[in-house]
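Student: Below is one structure. I have some questions about it.
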Amino acid sequence: MTQDTLPEYKKIKNYIVEQIHTGVWLMDQLIPSEHELAQLFNVSRMTVNRAVTELTAEGVLTRRRGAGTYVAQKKFSNVFVTLRNIRADIEATGRFYSAILVRKGRIEHKKLPEEAIHVFFECQNLFCIEMLHMADGIPVQYERRFVDLNLIPSFEVQDFLTISPSQYLIKNSPLENGHYKINAYRCPRDIALQLKMNESDPALVLTRYTYSNEMPLTYVEMWHNGDKFCFDGDLN
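In the working numbering, the protein residues as written are 2 to 237.
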């Protein structure tokens, strides 16, 4: 695919990375606003937002509340890791998988976590589901997921005790691409109680969002007890 045939958001991503690699924009430097980039490329702010959101997830940019978007780092790497579904991961070890539905319901855009606010648009019809995944009755993962019902209306009425949200989305939506990152965070009290860990203990958190039909379909946070869980996968 040539530069001329690339989707507009990818052209914007390439432009931003080129500005950084050539030293035009330096580490910790404020980049042009989404409005300015939209004018430069003659595209909608929605298109620019997607490019900036993806580069933020990839660690190239960083957003600061009320201060704009900045260059996060100088070096970039491409590491491809195959991550398994939590149910398959548990059953692969010979343990029994079970889950508890903690809560579900529609949610306003303004009440999303800060990172999710930058992924979704206000026009999207958002649904939140929170589940606790267990192995032999022991809590392993706390999942907090947000989904656009405009793209998959049936998600709201699905029984997720018989199929996991991830499995359902894979089977019922044309997933195009997505991004993820893994961080260590201090566990919030409500999630720490579910995972039966101390509030001050470190948690491993996988954050991921996925696109379908050129729109963000789902954003998910998967919290794990850092003492009892590790991520593994294949490097290619």
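Glycine is no exception: its CB is placed at the ideal position from the N, C-alpha and C atoms.
Could you have a look at T63 and say whether DSSP puts it in helix, strand or coil?
Tutor: For this step, residue 63 is matched to residue 62 along the sequence shown. Here T63 sits in strand by DSSP.
Student: Taking contact to mean at least 3 C-beta pairs separated by less than 8 Å, is the segment 31 to 41 in contact with the segment 61 to 74?
Tutor: These segments touch.
Student: Compare the beta carbon distance of I87 and S165 with 8 Å and say whether it is the shorter of the two.
Tutor: Taking the sequence shown and counting its residues from 1, the one referred to as residue 87 is at position 86. Taking the sequence shown and counting its residues from 1, the one referred to as residue 165 is at position 164. Closer than 8 Å, so yes.
Student: Closest to V44 by C-alpha separation, out of S174, E9 and I17, would be which residue?
Tutor: Here residue 44 refers to the residue found at position 43 when the sequence shown is read from its first residue. Checked all of S174, E9 and I17; the closest Cα to V44 is E9.
Student: Just the C-alpha distance for F81 and G179, rounded to the nearest angstrom, thanks.
Tutor: In the sequence shown, the residue the question calls residue 81 occupies position 80. In the sequence shown, the residue the question calls residue 179 occupies position 178. Note that F81 scores 44 on pLDDT, short of 50, meaning its location in the model is unreliable; the coordinates nonetheless yield the value given after this. The straight-line gap from Cα to Cα measures roughly 12 Å.
Student: How do the segment 195 to 206 and the segment 148 to 157 stand: do at least 3 beta-carbon pairs fall below 8 Å, yes or no?
Tutor: The segment 195 to 206, when compared against the segment 148 to 157, does not touch it at the 8 Å Cβ threshold.
Student: Of all the options L62, W224 and L196, which has the alpha carbon lying nearest to the alpha carbon of P239?
Tutor: Given a span of 2 to 237 for the chain in the structure shown, any question on residue 239 remains unanswerable.
Student: So what does DSSP say about L84, is it helix, strand or coil?
Tutor: The residue you call residue 84 lines up with position 83 of the sequence shown. Residue placement at L84 is flagged as unreliable, the pLDDT there being 45, under the threshold of 50; the coordinate-derived value follows with that caveat. Here L84 sits in coil by DSSP.
Student: Which residues in the same chain as F77 place their Cβ atom closer than 6 Å to its Cβ, once the five residues preceding and following it in sequence are excluded?
Tutor: By 1-based counting over the sequence shown, the position of residue 77 is 76. Confidence at F77 is low in this model, with a pLDDT of 40, below 50, so its placement is unreliable and the value that follows should be read with caution. Around F77: no qualifying Cβ.
Student: Under three-state DSSP, which class holds I101?
Tutor: Indexing the sequence shown from 1 puts residue 101 at position 100. Three-state result, I101: strand.
Student: So, is N184 buried or exposed, given that buried needs 16 or more other C-beta atoms within 10 angstroms?
Tutor: Position 183 of the sequence shown, counted from the start, is the residue given in the question as residue 184. Under this definition N184 is an exposed residue.
Student: Among K182, N226 and E177, which has the Cα closest to the Cα of S213?
Tutor: Here residue 213 is taken as the residue at index 212 of the sequence shown, counted from 1. Selected option, being the one with the closest Cα: E177.
Student: Does the segment 92 to 103 touch the segment 46 to 66, meaning 3 or more C-beta pairs lie closer than 8 Å?
Tutor: Judged by Cβ distances under 8 Å, the segment 46 to 66 makes no contact with the segment 92 to 103, as fewer than three pairs qualify.
Student: Could you compute how far the alpha carbon of L207 sits from the alpha carbon of C231?
Tutor: Numbered from its first residue, the sequence shown carries residue 207 at position 206. Numbered from its first residue, the sequence shown carries residue 231 at position 230. If I take the Cα positions, the gap works out to 11 Å.
Student: In chain order, which continuous runs of the alpha helix (DSSP H) of length 4 or greater are located wholly inside the segment 6 to 54?
Tutor: Runs found: 9 to 22 and 35 to 42.
Student: Buried or exposed for M132, going by 16 or more other Cβ atoms inside 10 Å?
Tutor: Walking along the sequence shown from the start, residue 132 turns up at place 131. Answer is buried; the Cβ neighbour count reaches 16.
Student: Taking Cβ positions, are G220 and A117 nearer each other than 8 Å?
Tutor: As a first step, residue 220 must be located in the sequence shown, where it is residue number 219. As a first step, residue 117 must be located in the sequence shown, where it is residue number 116. The displayed chain sequence assigns Tyr, not Gly, to residue 220. Yes, they are a contact pair.
Student: Give the single residue among R190, Y181 and P154 whose Cα lies nearest to the Cα of N173.
Tutor: Counted from its first residue, the sequence shown places residue 173 at position 172. Selected option, being the one with the closest Cα: P154.
Student: Using a Cβ-Cβ cut-off of 7 Å (strictly less than) and excluding sequence neighbours within five positions of R46, which residues of its own chain qualify?
Tutor: Taking the first residue of the sequence shown as position 1, residue 46 is located at position 45. Closer than 7 Å at Cβ, skipping near neighbours: E35, H36 and A39.
Student: Kindly indicate which three-state DSSP category P217 falls into: helix, strand or coil?
Tutor: Along the sequence shown, read from residue 1 onward, the residue named residue 217 stands at position 216. Note: P217 maps to strand in three-state DSSP.
Student: Is the beta carbon of F122 less than 8 Å from the beta carbon of F156?
Tutor: Mapped onto the sequence shown, residue 122 falls at position 121. Mapped onto the sequence shown, residue 156 falls at position 155. No, Cβ-Cβ distance for F122 and F156 is not below 8 Å.
Student: D181 and R209 look like a contact to me (Cβ under 8 Å); what is the Cβ gap, rounded to whole Å?
Tutor: On the sequence shown, residue 181 is found 180 positions in, with the first residue counted as 1. On the sequence shown, residue 209 is found 208 positions in, with the first residue counted as 1. Reading off the sequence, residue 181 comes out as Tyr, not Asp. Confirmed, Cβ separation roughly 4 Å.
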